[in-house]
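Chemist: For the sequence shown, this note's numbering assigns the number 455 to the last residue and increments by one with no breaks.
Positions of the beta carbon are idealized from the N, C-alpha and C atoms, including for glycine.
One structure is given below, represented as structure tokens, and several questions about it will come after.
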Amino acid sequence: MNKPLNPPANALEAFWMPFTPNRRFKADPRFVERAEGMFYYTPDGRPVLDATSGLWCVNAGHNRPRIVEAIQKQAAELDYATSFNMGHPKAFEFASRLANILPGDLDHVFFCNSGSEAADTALKIALAYHRARGKGGKTRLIGRERGYHGVGFGGISVGGIVANRKYFGGLLGGVDHLPHTHDLARNAFSRGQPEHGADLADNLERIVALHDASTIAAVIVEPLAGSTGVLVPPKGYLERLRAICDRHDILLIFDEVITGFGRLGASFASELFGVQPDLITLAKGLTNAAVPAGAVGASARIYDTLMDGADAPIELFHGYTYSAHPLACAAGLATLDTYRDEGLFERAGQLSPLWEEAAHSLKGARHVIDIRNLGLVAGIELESRPGAVGERGQEIFKAAFDSGLMIRVGGDIVALSPPLIIEETQLDQIFSQLRNLLSTID
Ligand code: PMP
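See the structure below:
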């Protein structure tokens with residue numbers, strides 16, 4: 014049982030919880046109080062195996078002493094410094110270290126505080142880039158159905174999740190959406206990248222034909238869409254998007270907030286798929302989630318154009334009070350050290366065949382209508398109850414937590430993305446526990 018919260022009796026009321034049906038949660042709350050490695054611990058001390066790395070973010074596991082110590086030391090040394098016309102060494106060090114591992118020629122790093130800010134920053138950089146090279150007519154942005162790029166107005170405009178959009182007015186104008194790539198009829202139970210759907214990228218040609226390339230600035234996609242239920246890109250799809258963007262002088266932005274930092278068994282999805290974006294957005298695993306942080310990686314071509322272009326501003330009129338916050342930089346540097354010294358990206362790659370096998374062992378389990386996987390990510394799609402989408406998902410979430418397993422559920426899709434330090438026995442445990450739980454839920 015959960016330890017009762019201390020008075021006041023309405024202790025749960027003040028906190029307006031994000032992305033949560035508050036009344037429902039507060040009537041039947043669940044808490045964690047501590048975490049270490051692969052586990053959360055409830056207030057009464059029960060371990061909960063974290064099969065989702067928090068929210069796809071603690072890639073090196075929870076409360077890693079090296080990262081904790083780096084944050085503590087930094088807080089005592091330099092708590093805050095701006096990066097507006099001023100510098101502190103760790104900002105430059107962190108950016109250089111990051112640029113070193115970013116794919117291809119993404120040699121410049123702009124810091125922000127979250128994935129949402131990273132998405133909006135990347136979109137703004139794309140627009141400013143075209144303007145700076147005298148192509149100010151290129152202003153249209155193209156996202157994708159079921160895409161998730163955070164919750165800023167830019168992000169929800171190019172994003173494709175209906176619930177996240179429909180309450181918030183007209184959103185950005187001049188936005189189009191590619192179709193999503195989810196195709197249960199043709200691709201159900203694919204292992205790794207599905208066979209069918211590369212041709213969906215050709216919808217970009219149709220959008221270009223409709224509006225003319227001279228009006229289009231950028232396309233933004235998640236190489237693998239996480240939040241909308243683990244949609245793995247069909248074979249050849251990303252390559253095709255890249256080719257069409259090249260043909261029409263359109264920037265390609267990869268939102269790697271989830272797929273970055275080893276999640277797919279390579280440093281970045283761009284590397285795994287061999288497709289080079291012009292801009293990349295990062296957050297989550299950037300600091301192992303110990304301090305909020307986000308970043309945009311930009312190619313030298315974009316950076317140089319914005320510094321020296323014919324119509325370039327003398328600065329990018331964009332930034333945050335907390336861009337390159339010292340605590341974030343210290344946490345980020347310690348996180349990169351941890352990934353490197355423990356070989357965690359390689360480890361994720363080595364474990365991924367076992368992960369795939371274990372995930373697909375759920376084929377035939379009750380309610381399961383699809384299983385998708387890549388790297389250390391899996392999506393288990395459950396059949397929805399007629400007229401009650403998401404109900405079964407909620408029940409499995411609660412049952413899992415109560416039996417010591419933290420999973421992420423969106424609608425009736427279970428998304429799994431464990432810390433990259435996961436042991437083989439824990440990997441098996443996740444799926445055998447899920448199989449049992451599914452058998453107990455109607
Ligand atoms: N982009 C992607 C692909 C994401 O998955 C997320 C968060 N799940 C975001 C952006 C937004 O990140 P944040 O919640 O840090 O704003």
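Starting from residue 294, trace the beta strand (DSSP E) in both directions and tell me its first and last residue.
Modeler: The residue labelled residue 294 in the question sits at position 281 within the sequence shown. Looking at the DSSP string, the run of the beta strand (DSSP E) that includes residue 294 is 292-295.
Chemist: Does ligand 2 have a heavy atom nearer than 7 Å to the CB of residue 254?
Modeler: Ligand 2 is not among the ligands present in this structure, which contains only ligand 1.
Chemist: Residue 270: beta carbon under 7 Å from a heavy atom of ligand 1?
Modeler: Along the sequence shown, one-based indexing puts residue 270 at 257. Yes - ligand 1 has a heavy atom lying nearer than 7 Å to the Cβ of residue 270.
Chemist: Taking the DSSP output, what are the residues bridged to residue 337?
Modeler: Locating residue 337 in the sequence shown gives position 324, where the first residue counts as 1. DSSP lists no partner for residue 337.
Chemist: What are the start and end residues of each continuous alpha helix (DSSP H) run of 4 or more residues lying completely inside the segment 216-244, in chain order?
Modeler: Correct list: 216-224.
Chemist: I need the DSSP call for residue 93, collapsed to helix, strand or coil.
Modeler: Reading the sequence shown from its first residue, position 80 is the one you call residue 93. Coil, per DSSP.
Chemist: Nearer than 7 Å: is that true of the beta carbon of residue 68 relative to any heavy atom of ligand 1?
Modeler: To locate residue 68, count along the sequence shown from 1; it is residue 55. Residue 68 Cβ: within cutoff of ligand 1.
Chemist: For residue 182, is the classification buried or exposed, using 16 other Cβ atoms within 10 angstroms of its Cβ as the cut-off for buried?
Modeler: Within the sequence shown, residue 182 is the residue found at index 169, counting from 1. It is exposed - the Cβ of residue 182 has fewer than 16 other Cβ atoms within 10 Å.
Chemist: Pull up the CB-CB distance for residue 389 and residue 349, whole angstroms please, since I reckon it's below 8 Å.
Modeler: As a first step, residue 389 must be located in the sequence shown, where it is residue number 376. As a first step, residue 349 must be located in the sequence shown, where it is residue number 336. Not confirmed; about 19 Å, so no contact.
Chemist: Quick check: does the Cβ of residue 283 come within less than 7 Å of any heavy atom belonging to ligand 1?
Modeler: As a first step, residue 283 must be located in the sequence shown, where it is residue number 270. Residue 283: no, Cβ never under 7 Å from ligand 1.
Chemist: If I measure Cβ to Cβ from residue 204 and keep anything under 7 Å in the same chain, skipping five residues before and after, which residues do I get?
Modeler: Here the question's residue 204 lines up with position 191 in the sequence shown. Same-chain partners within the cutoff: 369, 373 and 386.
Chemist: Restricting to Cα atoms, I'd like to know which of 150, 442, 166 and 170 is closest to residue 158.
Modeler: As a position in the sequence shown, residue 158 is number 145, starting the count at 1. Here the closest residue by C-alpha is 170.
Chemist: Residue 331 and residue 137 look like a contact to me (Cβ under 8 Å); what is the Cβ gap, rounded to whole Å?
Modeler: What you label residue 331 is simply residue 318 of the sequence shown in a count that begins at 1. What you label residue 137 is simply residue 124 of the sequence shown in a count that begins at 1. Yes, residue 331 and residue 137 are in contact; Cβ-Cβ is about 6 Å, under 8 Å.
Chemist: For residue 342, does the three-state DSSP call read helix, strand or coil?
Modeler: Start at 1 with the first residue of the sequence shown, and residue 342 comes out as number 329. Here residue 342 sits in helix by DSSP.
Chemist: Does the segment 73-85 come close enough to the segment 427-441 that 3 or more CB-CB pairs lie under 8 Å?
Modeler: Yes, the segment 427-441 is in contact with the segment 73-85.
Chemist: Hey, how far is the Cα of residue 47 from the Cα of residue 63?
Modeler: On the sequence shown, position 34 is the one that residue 47 refers to. On the sequence shown, position 50 is the one that residue 63 refers to. So the two alpha carbons sit approximately 12 Å from each other.
Chemist: Curious, which full-length alpha helix (DSSP H) runs of at least 4 residues does the segment 277-334 contain?
Modeler: Within the segment 277-334, the complete alpha helix (DSSP H) runs of at least 4 residues are 282-286 and 313-321.
Chemist: Determine the burial state of residue 223: buried for a count of at least 16 other Cβ atoms within 10 Å of its Cβ, exposed for fewer.
Modeler: Taking the first residue of the sequence shown as 1, we reach residue 223 at position 210. Classification for residue 223: exposed.
Chemist: Does any heavy atom of ligand 1 sit closer than 7 Å to the C-beta of residue 338?
Modeler: For the purposes of this step, residue 338 is identified with residue 325 of the sequence shown, where counting begins at 1. The answer is no for residue 338.
Chemist: Roughly how far, in whole angstroms, is the beta-carbon of residue 301 from the beta-carbon of residue 344, given that I think they are within contact range, below 8 Å?
Modeler: Along the sequence shown, read from residue 1 onward, the residue named residue 301 stands at position 288. Along the sequence shown, read from residue 1 onward, the residue named residue 344 stands at position 331. Rounded, the Cβ-Cβ distance is 7 Å, consistent with contact.
Chemist: Taking the alpha-carbon positions, what's the residue 265 to residue 314 distance?
Modeler: Reading the sequence shown from its first residue, position 252 is the one you call residue 265. Reading the sequence shown from its first residue, position 301 is the one you call residue 314. So the alpha carbons of these two residues sit roughly 13 Å apart.
Chemist: Going by the DSSP bridge assignment, what does residue 119 pair with across the sheet?
Modeler: Locating residue 119 in the sequence shown gives position 106, where the first residue counts as 1. Looking at the DSSP assignment, residue 119 forms a beta bridge with 312.
Chemist: Given 8 Å as the limit, is there contact between the segment 248-256 and the segment 211-221, that is, 3 or more CB pairs closer than that?
Modeler: Result yes; three or more Cβ-Cβ pairs closer than 8 Å.
Chemist: Could you check whether residue 293 and residue 263 sit closer than 8 Å to each other, using their CB atoms as the reference points?
Modeler: For this step, residue 263 is matched to residue 250 along the sequence shown. For this step, residue 293 is matched to residue 280 along the sequence shown. No, they are not a contact pair.
Chemist: Please determine, among 23, 54 and 49, the residue with the shortest C-alpha to C-alpha distance to residue 39.
Modeler: Your numbering for residue 39 matches position 26 in the sequence shown. Of the listed residues, the one whose Cα sits closest to residue 39 is 23.
Chemist: Give the secondary structure of residue 53 by DSSP, where H, G and I count as helix, E and B as strand, and everything else as coil.
Modeler: Taking the first residue of the sequence shown as position 1, residue 53 is located at position 40. Note: residue 53 maps to strand in three-state DSSP.
Chemist: Looking at the strands, I want to know which residues DSSP matches up with residue 393.
Modeler: Here the question's residue 393 lines up with position 380 in the sequence shown. 384 and 427.
Chemist: Which same chain residues, not among the five before or five after residue 285, have their C-beta less than 6 Å away from its C-beta?
Modeler: Here residue 285 corresponds to residue number 272 of the sequence shown, with the count starting at 1. Once the five neighbours on either side are set aside, the close Cβ partners of residue 285 are 277 and 279.
Chemist: Contact between the segment 101-113 and the segment 315-323 is defined here as three or more beta-carbon pairs at a separation below 8 Å; is this criterion met?
Modeler: In short, these stretches do not touch, since the Cβ pair count stays below three.
Chemist: Under 8 Å: do the segment 321-331 and the segment 138-153 share three or more Cβ pairs, one atom per stretch?
Modeler: Verdict: yes, contact present.
Chemist: Could you give the residue range of the alpha helix (DSSP H) that holds residue 133?
Modeler: The residue labelled residue 133 in the question sits at position 120 within the sequence shown. Run containing residue 133: 128-145, per the alpha helix (DSSP H) assignment.
Chemist: I'd like the span of the alpha helix (DSSP H) that includes residue 373, first residue to last.
Modeler: For the purposes of this step, residue 373 is taken as the residue at position 360 of the sequence shown. It spans 357-373 - the alpha helix (DSSP H) in which residue 373 sits, taken as one unbroken run.
Chemist: Taking 8 Å as the threshold (C-beta atoms), are residue 122 and residue 308 in contact?
Modeler: Residue numbering aside, residue 308 sits at position 295 when the sequence shown is read from its first letter. Residue numbering aside, residue 122 sits at position 109 when the sequence shown is read from its first letter. Yes, these two residues count as a Cβ contact at 8 Å.
Chemist: So the alpha helix (DSSP H) residue 34 belongs to, where does it begin and stop?
Modeler: Locating residue 34 in the sequence shown gives position 21, counting from the first residue. Here residue 34 belongs to no alpha helix (DSSP H), and DSSP marks it neither H nor E.
Chemist: Answer yes or no: do residue 340 and residue 88 have a C-beta to C-beta separation smaller than 8 Å?
Modeler: For the purposes of this step, residue 340 is taken as residue 327 along the sequence shown, with counting starting at 1. For the purposes of this step, residue 88 is taken as residue 75 along the sequence shown, with counting starting at 1. Result yes, Cβ atoms of residue 340 and residue 88 sit closer than 8 Å.
Chemist: At a Cβ threshold of 8 Å, is residue 371 touching chain B?
Modeler: Given the protein chain composition of this structure (a single chain), no chain B is represented.
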